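Colleague:
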Amino acid sequence: MKKIYCSLVLFLFLLPRMAVAQEETGRRVTDTTQTEINYLDEVDVVGTKILRTKRDSVSPGLKLRQPLILIPQNIVRISSELLQQQGALELKDAARNSSGVYFSYNSTPFDQSSALQIRGFTGYTTLNGMSRRFSYGASIDDEAVMESVEIVKGPAGFLNATGEPGGSVNIVTKTPDKKIRSATVMGGSFNFYRAAIDIGSAVKDTGFSYRFNAAYQHKDSYLDFMRTDKVIIAPVLQYNFSPRTFVLAEYNFIRGNIKNGAYLAKVRSESEKLKGPVSRNYSAAPGLPDSYAKNETVRLVFHHKFDDHWDITSQSSYLAAPYETWYMTTNGSIVSFDEAGNTERKSSLTMGSGTTWNSQLFANGSFRTGHVAHEIVLGTDFTNSKDSLALHRGVYDFPYSKYTYRNRVNKDSVRETSRLIRIENNTYLRSVYAYDNIRLHKRWLLSLGARYTWYTNKRRNVTAAGPGEWTEFDQKALTPRAGLTFSADPSTSVFFLYDQSFVPQSGMVAIQTNPETNEVTASRAVDPQKGNDLELGIKKNWFGSRLSTSLNGFYTVKTNVLVSNLELPGFVKEIGEVTSSGVEVDVLGSITDRLSVSANYTYVHARITEDQDPEQIGKELPQAPQQIFNTWLQYTIPLKHKARIGFSLGQVTQVKRSTSTTHRYIPDFTKVDAGINYATGRYFVRLLADNITGKRYMASGDIFNNYMTGNPEYFYIDGEPFNLQLAAGIRF
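The sequence shown runs -21 to -1, 1 to 711 under mature numbering (1 follows the signal peptide of the UniProt record, and there is no 0).
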């Protein structure tokens, strides 16, 4: 197996060399560091524009102005054109285009961002470089508002004040760019239908420009009884005072509704896993109130360019993200049965509410000190997030048998609940940062910088007895960053990176006890987690920068991980350490005018390296596949009258996915997809087939002991069975 995957890595990285030599199409531009980088002009084949699947730079929200090939970090930017080509509609659908990314267990159809894993660690998402939900929930996403998706592997202090060392995902929303008028309708399996429009004007030197996106979607699940609806409205207005100065106002509204229960996961024994009807849904109940998730985001941006060397950007955002999730449980946990196949179900309601304020001010500039060129970014951030989570349990029990499978419940009785607890959490973050990209020599670029962050967290529990006392935690940290890039030639670079992450955490450490009673007499708040990341990699652009390849290795250690103090309940110890190391390969872009490719491979070894329990040392982190291999190829044939036909083929393979049970894994799988599309200058039709072999597989899962039987059982979400998606669109 290892030999096979080593061969795949070699194949992916050498793929461009196997292609026929191409005449470079593009133009050369010189950046302020005097390094020549190739950028691709739009290519016209028989009068029809080729879709660009590759981007050469990051979005303004990442604050870096260097081309991707010069940034000493593995960052993959996925274009909306590629997402549309693949029929991607949600953030999780973009994961196949980048190494190191895995969406693990998500409990409902609209909380995928809470399940993000990068390099074996929990990842987090940002919107235009600004924070979203901090705790107790996820943000709902949709392709209709995505201009691109940026996968940032490793810490990124230039992006945000806090974050796991594995990396993050930044969603770039659609804003005014060029004139566009398009409409798309879609239909498919499971009673899926969708309509979307995208209307926008070109940006003017002075005056107003706009962008408006809207979509409606309905889909029945492959699971019995589950029905979902989604509405997206996203207007953007920009006013340019001059070519150098503009303000932008943006509003995004996304709401998803789920009928008859919102829970996706299943529990099955070893003998029952991936057997029986894939549609079987024990957590659903016609009669349950509707579940919903909603995101409303407002963003204001001011940008001014002083001259060719200096500019300043101020952006602020407000996010409101309430949700309610209804489903059936057994004693508050996932529905499970006794040996006779019987249980009693009880409704469960989770109510979440979150608001997040962000404000950022940063400046980009370039200057020289003698023969040394500098490109710097200076800035400050402020974030305030207020979150709450309320857990409710149904008052009435409903006898249930998995053999009769009668799911309907009385709609009046099932909605009667009692609140168990409400958790309230307020977070404040302030930070300042500075980064300098120093041109030491024509071929050497040194990146140095640091961020200093102040963190305050206040939390309390509210029970039937009333609200508890607020507990406050204050932490601060300095996180430095150093990178070195060597440009072997204008299309090849080698980089080294050392970076740190800061993950605030809450808890109390006992520092003194009474030797006679073992009572804690003195304690202190925990220190934050720190992540230390080392990377070495090589990047290469091919065929006039139409295709990019990267190969990098990483070694990341997260220290000060909390573990429970078994001798002193309610207190923790700061002795944990986890380590993730591995190799990543990414190939993205076009090999020829006809052939485009998105392929990547990941090998990750994420494990516990320090713990108070010696048996835990060496244990793999749960929800972390050891290997992931993704491909997507499209071959396009030009036809007469400005038309073309394209054929697509892709696959997703995941190997050795670890669980909470030591040395136990959920089954490996390979899923194959295919598509065909036809397009003219104005119209297109696209048919995609997902999971064309009808493979039954676990999209994500875990293994744990069933509290009723004591036996290990699989806790998982089925991957979607074979399904079709047909889309037709027009530009006018």
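Don't be surprised by glycine CBs; every beta carbon is placed ideally from N, CA and C.
Just so you know, these numbers come straight off a predicted model, no measurement behind them.
(1) By the DSSP assignment, the beta strand (DSSP E) with GLN633 in it spans what residues?
(2) Alpha carbon to alpha carbon, how far is THR528 from VAL564?
(3) Taking the straight line between their C-alpha atoms, what separation do you get for VAL393 and GLY235?
(4) Below 8 angstroms on the Cβ atoms is my guess for LEU370 versus THR304; work out the distance and round it to an integer in Å.
(5) Could you check where the beta strand (DSSP E) with GLU323 kicks off and where it finishes?
(6) Please look up how many angstroms separate the CB atoms of ALA585 and VAL557, rounded, as I've assumed it's under 8 angstroms.
(7) Per the DSSP calculation, GLY654 is bridged to which residue(s)?
(8) In whole angstroms, what separates the C-alpha of ILE97 from that of GLY561?
(9) Output yes or no for whether 8 angstroms exceeds the beta carbon distance between PHE191 and GLY240.
(10) Figure out for me which residue from LEU267, THR383, ASN511, ASN440 has the closest Cα to the Cα of ARG401.
(11) Looking at the structure shown, is GLN591 part of a helix, part of a strand, or coil, going by DSSP?
(12) For the alpha helix (DSSP H) that contains LEU61, what are its first and last residues?
(13) CB of ILE48 to nearest heavy atom of the ligand MG: below 7 angstroms?
(14) Count the other CB atoms, across all protein chains shown, that sit within 10 Å of the CB of TYR115; report buried if there are 16 or more and exposed otherwise.
(15) With a threshold of 8 angstroms, are at least 3 pairs of Cβ atoms found where one atom belongs to the segment 649 to 664 and the other to the segment 614 to 633?
(16) Quick one: give me the first and last residue of the alpha helix (DSSP H) that LYS381 is part of.
(17) Where do the ends of the beta strand (DSSP E) carrying VAL393 lie?
(18) What did DSSP end up calling ALA489 once you bin it into helix, strand or coil?
(19) Can you check whether the CB of ASP72 is closer than 8 angstroms to the CB of LEU62?
(20) Could you check the C-alpha separation between ILE211 and ILE709 for me, to the nearest Å?
(21) Can you tell me the Cα-Cα spacing of ARG460 and ALA429, whole angstroms?
(22) Give me the residue from SER569, PHE608, SER577, ASP590 with the minimum Cα distance to VAL583.
(23) Pick from ALA706, PRO646, VAL551: whose alpha carbon is nearest that of LEU667?
(24) Between the beta-carbon of PRO483 and the beta-carbon of GLN454, is there less than 8 angstroms?
(25) Using a Cβ-Cβ cut-off of 7 angstroms (strictly less than) and excluding sequence neighbours within five positions of LYS650, which residues of its own chain qualify?
(26) For residue 732, list the residues DSSP reports as bridge partners.
(27) Can you name, in chain order, every residue of its own chain whose Cβ lies under 8 angstroms from the Cβ of PRO604, other than the five neighbours on each side?
(28) To test your reading of the DSSP string, which unbroken alpha helix (DSSP H) runs of 4 or more residues are found completely within the segment 59 to 135?
(29) Between which residues of its own chain and ILE696 is the CB-CB distance below 6 angstroms, once the five residues before and five after are set aside?
(30) Between PRO617 and ARG372, what straight-line distance do the alpha-carbon atoms span, to the nearest angstrom?
(31) If we ignore side chains and look at the alpha-carbon of each, how far apart do THR362 and LYS252 end up?
(32) Could you tell me whether the Cβ atoms of LEU476 and GLU514 are closer together than 8 angstroms?
(33) What distance in whole Å lies between the Cβ atoms of ALA299 and THR334, which are believed to be in contact at a cut-off of 8 angstroms?
(34) Do you know offhand how far THR104's Cα is from LYS619's?
(35) Here's a check: name, in chain order, each residue in its chain whose Cβ is nearer than 6 angstroms to the Cβ of THR610, leaving out the five neighbours to either side.
(36) Among the candidates TYR172, MET109, THR87, whose CA atom is the shortest distance from the CA of TYR302?
Modeller: So, from the listed chains and residues:
(1) In the DSSP annotation of this structure, the continuous segment of the beta strand (DSSP E) that includes GLN633 starts and ends at 623 to 637.
(2) It is roughly 7 angstroms from the alpha-carbon of THR528 to the alpha-carbon of VAL564.
(3) Separation of VAL393 and GLY235 (C-alpha to C-alpha, rounded to the nearest whole angstrom) is 22 angstroms.
(4) In this structure, LEU370 and THR304 do not form a Cβ contact; the two beta carbons are roughly 10 angstroms apart against a cut-off of 8 angstroms.
(5) Element bounds for GLU323: 321 to 348.
(6) That belief holds up - the Cβ atoms of ALA585 and VAL557 are roughly 7 angstroms apart, short of 8 angstroms.
(7) Bridge partners of GLY654 according to DSSP: SER627, LEU667.
(8) For ILE97 and GLY561, the distance between alpha carbons rounds to 12 angstroms.
(9) No.
(10) Closest by alpha carbon: ASN440.
(11) Secondary structure at GLN591: coil, using DSSP grouped into helix, strand and coil.
(12) Element bounds for LEU61: 59 to 64.
(13) As for the ligand MG, it is missing from this structure, which has no ligand bound.
(14) Counting other Cβ atoms within 10 Å of its Cβ, TYR115 reaches 16 or more and is therefore classed as buried.
(15) Judged by Cβ distances under 8 angstroms, the segment 649 to 664 makes contact with the segment 614 to 633, as three or more pairs qualify.
(16) Note, LYS381: premise wrong, no alpha helix (DSSP H); not H, not E.
(17) Counting along the chain, VAL393 falls outside any beta strand (DSSP E), though it belongs to the alpha helix (DSSP H) covering 390 to 393.
(18) DSSP places ALA489 in strand when its eight states are reduced to three.
(19) In this structure, LEU62 sits near ASP72, with a CB-CB distance shorter than 8 angstroms.
(20) Rounded to whole angstroms, ILE211 and ILE709 show a C-alpha spacing of 20 angstroms.
(21) As the crow flies, the alpha-carbon of ARG460 is around 6 angstroms from that of ALA429.
(22) The closest CA to that of VAL583, considering only SER569, PHE608, SER577, ASP590, is found on PHE608.
(23) LEU667 has its Cα closest to that of ALA706, out of ALA706, PRO646, VAL551.
(24) In this structure, PRO483 lies near GLN454, with their beta-carbon atoms less than 8 angstroms apart.
(25) Shown here for LYS650: same chain residues with a beta carbon closer than 7 angstroms to its own, the five before and five after excluded, namely GLN630, VAL631, ASN670, LYS674, TYR676, GLY698 in chain order.
(26) Within the shown structure, residues of the chain are numbered from -21 to 711, placing residue 732 beyond reach of any answer.
(27) Here the set comprises TYR81, THR581, VAL583, GLN633, VAL634, LYS635, ARG636, SER637.
(28) Fully enclosed alpha helix (DSSP H) runs of no fewer than 4 residues occupy 59 to 64 of the segment 59 to 135, in order along the chain.
(29) Only LEU243, ALA244, ALA678, SER679 meet the Cβ criterion.
(30) Distance between PRO617 and ARG372, taken at the CA atoms: about 60 angstroms.
(31) Counting only the Cα atoms, LYS252 lies some 44 angstroms from THR362.
(32) Judged by beta-carbon spacing, GLU514 lies within the 8 angstroms limit of LEU476, meaning their Cβ atoms are closer than that value.
(33) In this structure THR334 touches ALA299 by the C-beta definition: roughly 5 angstroms separates them, less than 8 angstroms.
(34) A straight-line Cα-Cα distance of about 44 angstroms links THR104 and LYS619.
(35) Spatial neighbours of THR610 in its own chain (CB-CB distance under 6 angstroms, excluding positions within 5 residues in sequence) are listed in chain order as ALA578, GLY629, GLN630.
(36) Of TYR172, MET109, THR87, the residue nearest in Cα terms is THR87.
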